Amino acid sequence: MSSITKQKMEKPVSTWIILILAIACGVIVANLYYAQPLVGPISSTLGLSSGAAGLIVTLTQIGYGIGLLFIVPLGDILENRKLVVSLLLFTAIVLAMAAVVKSATLFLATSLFIGLGSVAAQVLVPYAAHLSPDATRGRNVGNVMSGLLLGIMLARPLSSIMAEFMGWRAIFVFSAAIIFVLALVLVKLLPTRQPMTTTQYPTLLVSMLHLLKTTPVLQRRAIYHFCVFGTFSLFWTTVPLLLTSPIFDFSQKEVALFALVGVSGAVAAPVAGRLADKGWIRPTTGLALALALVIISVILPIMIQSGSTLALVILVVSAILLDMGVSANLVLGQRAIFSLGAEIRSRLNGLYMAIFFSGGAIGSATGAWAYAMAGWKAALLIGIALPTIAMIYYATEKK
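First residue of the sequence shown: 2, per our numbering; consecutive thereafter.
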């Protein structure tokens with residue numbers, strides 16, 4: 002259990018605490034995406050070759066993946082608030098370094114560590130589940146995930162706009178300051194949670210492999226979201242290429258504005274959480290995967306033949322539906338795995354996130370490759386295949 006008593010655990014958690022956790026997750030996870038639209042100007046300033054420029058994003062993702070597997074599980078054995086605050090202070094330092102370094106090698110190193118420290122968000126998500134009674138756990142996790150998803154969706158347009166007016170280094174100065182302030186706020190306002198588990202760290206890591214092998218719910222939910230997040234990453238990697246191509250001829254500012262439309266998709270997270278609390282995880286998963294939320298959202302854009310107003314409207318609708326499907330499926334998966342036991346939530350969350358995050362990396366890479374080789378429609382065919390695989394696997398789930 003934790004230092005929070007059973008009596009307290011049964012009481013509804015404060016709305017303010019959930020709001021703070023949602024904001025915190027959004028602010029933290031945004032660090033993974035700030036650099037994505039700034040690869041060009043960063044590379045130019047630091048003298049990175051076009052071939053090495055992709056390392057800016059890749060190393061951040063690698064750092065995040067390492068953190069998911071080796072840091073997030075510590076939430077099962079270390080006091081959660083101290084762990085999060087320590088990670089935030091570390092992240093603030095490396096963000097400040099990223100803002101001032103002039104060496105390409107040092108900047109790439111800071112990119113890796115920014116990703117590593119940003120896993121603090123994935124310590125907070127199971128922490129929110131620990132604070133919540135079972136009856137409202139899905140809703141609260143959904144609300145927290147709404148904040149996280151908003152952070153993902155707002156990061157790219159925010160960094161683009163700041164770079165336009167103040168240069169690319171400004172976003173790292175801004176984030177370093179915000180993360181530092183956030184650490185001070187969380188250390189003051191969050192209740193402590195000290196796990197009672199006495200497992201040693203090496204044993205903890207070994208147990209993760211056992212959990213992966215023996216937890217069918219984790220396996221199933223991770224595969225669902227591996228496919229869905231792969232399509233999400235593919236779409237948002239290739240759609241800027243389409244928008245800036247001669248078909249639409251968008252400027253970077255216009256691409257940033259388009260990215261904002263996906264923000265509305267985050268509303269699906271708390272709704273999915275509420276439906277999960279009512280025991281409707283399976284039917285809601287089917288809805289998220291199929292009924293116009295994921296598969297149709299990538300089928301529709303294939304019909305685009307030109308840069309017409311109708312084509313742009315189709316893209317906007319597709320972006321919203323896709324983000325809704327991804328948001329809902331993510332929360333449904335976390336609600337399902339968080340019900341398996343308080344003492345293993347951090348390890349389950351680390352495994353779940355690491356698996357589907359790899360799906361996102363594969364989606365981005367294959368999408369960019371397919372777009373370069375054969376264009377937009379070829380990339381989206383891959384995007385359709387991934388959730389179709391998830392739907393076929395979903396059909397084997399017992400009611």
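Just so you know, even glycine gets a beta-carbon here, dropped at the ideal spot from N, CA and C.
Bear in mind the structure is a predicted one, so any value in this text is a computation, not a measurement.
Residue i in three-state terms, based on DSSP
| i | result |
| --- | --- |
| Val262 | helix |
| Phe108 | helix |
| Ile1 | The first residue shown for the chain is 2 and the last is 400, placing residue 1 beyond what the model contains. |
| Leu242 | helix |
| Glu398 | coil |
| Arg275 | helix |
| Arg194 | coil |
| Ser234 | helix |
| Val102 | coil |
| Trp169 | coil |
| Gly376 | coil |
| Thr6 | A caution first: Thr6 carries a pLDDT of 40, below 50, which makes its placement in the model unreliable, though a value can still be read off. Correct three-state label for Thr6: coil. |
| Leu316 | helix |
| Val49 | Correcting the residue identity first, residue 49 is Leu in this sequence and not Val. Coil. |
| Pro38 | helix |
| Gln1 | Outside the shown range of the chain (2 to 400) lies residue 1, about which nothing can therefore be said. |
| Gly143 | helix |
| Thr389 | helix |
| Val327 | helix |
| Leu88 | helix |
| Ser298 | helix |
| Pro421 | Only positions 2 to 400 of the chain appear in the structure, and residue 421 is not among them; the question remains open. |
| Pro217 | helix |
| Ile248 | coil |
| Ser161 | helix |
| Val332 | helix |
| Trp281 | coil |
| Val28 | helix |
| Leu341 | coil |
| Ser208 | helix |
| Val188 | helix |
Contacting residues, own chain, Cβ-Cβ under 6 angstroms from residue i (five flanking each side not counted)
| i | result |
| --- | --- |
| Arg82 | Leu191, Thr193 |
| Ser47 | Sequence check: residue 47 is Leu here, not Ser. So the list reads Ala105, Phe108, once near-sequence residues are dropped. |
| Ala312 | Ile305 |
| Phe60 | The displayed chain sequence assigns Leu, not Phe, to residue 60. Taken in chain order, the residues that qualify are Leu109, Ser112, Leu113. |
| Val14 | Leu132, Ser133 |
| Leu79 | none |
| Phe181 | Ala93 |
Sequence-distant residues of the same chain with beta carbon closer than 7 angstroms to residue i, five excluded per side
| i | result |
| --- | --- |
| Ala177 | Ala93, Leu96, Ala97, Ala100 |
| Ser298 | Ser319, Leu322, Leu323, Gly326 |
| Val86 | Ala184, Leu187, Val188 |
| Leu39 | Ser160, Ala164, Trp169 |
| Ile19 | Ala129, Asn141, Asn144, Val145 |
| Ile1 | This structure gives no information on residue 1, because the portion of the chain shown stretches from 2 to 400. |
| Gly287 | Tyr395 |
Local Cβ density within 10 Å of residue i, reported as buried at 16 or more and exposed below that
| i | result |
| --- | --- |
| Val207 | exposed |
| Tyr202 | exposed |
| Phe166 | exposed |
| His211 | exposed |
| Ala383 | With the sequence shown as reference, residue 383 is identified as Ile, and Ala is not the correct amino acid for it. So Ile383 counts as buried. |
| Asp250 | exposed |
| Leu290 | buried |
| Trp377 | buried |
| Val240 | buried |
| Thr199 | exposed |
| Met354 | buried |
| Pro217 | exposed |
| Gly342 | exposed |
| Pro388 | buried |
| Gly152 | buried |
| Ser307 | exposed |
| Asp135 | exposed |
| Gly351 | buried |
| Pro247 | exposed |
| Ala396 | exposed |
| Trp370 | exposed |
| Thr285 | buried |
| Ala375 | exposed |
| Ile393 | exposed |
| Trp237 | buried |
| Ser50 | exposed |
Contact set for residue i: own chain, Cβ-Cβ below 8 angstroms, skip 5 residues either direction
| i | result |
| --- | --- |
| Met154 | Ala260, Leu261, Gly263, Val264, Gly266, Ala267, Asp324 |
| Tyr65 | Leu33, Gly116, Leu117, Ser119, Val120, Phe358 |
| Ile21 | Val186, Leu187, Leu190, Leu191 |
| Arg346 | Gly76, Asp77, Pro127, Ala130, His131, Ile338, Phe339 |
### Task
Could you name each continuous alpha helix (DSSP H) segment of 4 residues or more that falls completely within the segment 112–138, going from the start of the chain to the end?
The segment 112–138 contains, as complete alpha helix (DSSP H) runs of 4+ residues, the segments 121–132 (chain order).
### Query
For the segment 227–236 against the segment 357–371, are there 3 or more C-beta pairs whose distance is under 8 angstroms?
With the cut-off at 8 angstroms, the segment 227–236 and the segment 357–371 touch.
### Task
Please confirm if the segment 261–275 is in contact with the segment 137–157, defined as three or more CB-CB distances below 8 angstroms between the two stretches.
Taking 8 angstroms as the limit for Cβ pairs, the verdict is that the segment 137–157 does touch the segment 261–275.
### Query
Per the contact definition of three or more C-beta pairs closer than 8 angstroms, is the segment 115–131 in contact with the segment 72–79?
Between the segment 72–79 and the segment 115–131 there are three or more C-beta pairs closer than 8 angstroms, enough to call the two in contact.
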